[in-house]
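Notes follow the structure.
Residue numbers (the working numbering): 47 to 240.
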């Protein structure tokens, strides 16, 4: 838009504005205009991890093109290790409490074992079920599929860092073995097609 702006001498000095008188003369055929191209917010995203941990595998580098939801790195974490241990213990406790309950009920019906023992075992069984459900919910909040928890009793679970959009990786300061914080910007991805 066209218009006028008035600046005091102090304001001109603060922003480094230089003025000169207009003179008649020849105009150069070349004009250098320095600019920076900035992608719109909808075409730019940052890849980050939901938890703190150590990068175990880098699958992309700056310049690589990625698809939306493509795994771009893997991360190991103590939080995932403790989740896996908690899940495994809850599963074993549930199986043990079920076995004890199944063995004790017939004896309690015959009067050989007090009914209070059966009630205690039923309570312990319910607590084990609750612990397992909590571990599954915690896994979902950390982005871990509960099926992978079931399958990976022996192998360590890795947190998968995925690309939020399709595009090109333009920046990353990562290396394998580097420790990163939760929600730290790890990858910058720009979609040039938008």
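We put the beta carbon where it would ideally sit given N, CA and C, even for glycine.
Delimiting residues of the beta strand (DSSP E) encompassing residue i
| i | result |
| --- | --- |
| residue 93 | 90-93 |
| residue 206 | 205-208 |
| residue 136 | Where residue 136 is concerned, there is no enclosing beta strand (DSSP E), although the alpha helix (DSSP H) it sits in stretches over 124-155. |
| residue 99 | 99-104 |
| residue 233 | 233-236 |
| residue 73 | Run containing residue 73: none; DSSP gives neither H nor E here. |
| residue 223 | Here residue 223 belongs to no beta strand (DSSP E), and DSSP marks it neither H nor E. |
C-alpha gap between residue i and residue j, whole angstroms
| i | j | result |
| --- | --- | --- |
| residue 105 | residue 133 | 29 Å |
| residue 107 | residue 213 | 13 Å |
| residue 69 | residue 54 | 23 Å |
| residue 205 | residue 127 | 11 Å |
| residue 225 | residue 162 | 51 Å |
| residue 288 | residue 96 | With the chain running from 47 to 240 in the structure shown, residue 288 is simply not present. |
| residue 215 | residue 190 | 24 Å |
| residue 195 | residue 210 | 24 Å |
| residue 64 | residue 52 | 14 Å |
| residue 86 | residue 239 | 11 Å |
| residue 193 | residue 88 | 33 Å |
| residue 50 | residue 116 | 51 Å |
Residue range of the alpha helix (DSSP H) that includes residue i
| i | result |
| --- | --- |
| residue 182 | 161-187 |
| residue 55 | 55-61 |
Cβ-based burial, residue i [other Cβ within 10 Å; buried from 16]
| i | result |
| --- | --- |
| residue 236 | buried |
| residue 178 | buried |
| residue 143 | buried |
| residue 157 | exposed |
| residue 93 | buried |
| residue 203 | buried |
| residue 218 | buried |
| residue 61 | exposed |
| residue 73 | exposed |
| residue 171 | buried |
| residue 130 | buried |
| residue 165 | exposed |
| residue 181 | buried |
CB-CB length for residue i against residue j, believed under 8 Å
| i | j | result |
| --- | --- | --- |
| residue 228 | residue 98 | 5 Å |
| residue 207 | residue 232 | 7 Å |
| residue 222 | residue 101 | 6 Å |
| residue 175 | residue 140 | 6 Å |
Residue i CB to nearest heavy atom of the ligand GDP below 7 Å
| i | result |
| --- | --- |
| residue 144 | Of the ligands one can find in the structure shown there are none, so the ligand GDP has no counterpart to examine. |
task = Inspect the CB distances between the region 120-131 and the region 139-157 and report whether three or more fall short of 8 Å.
result = no
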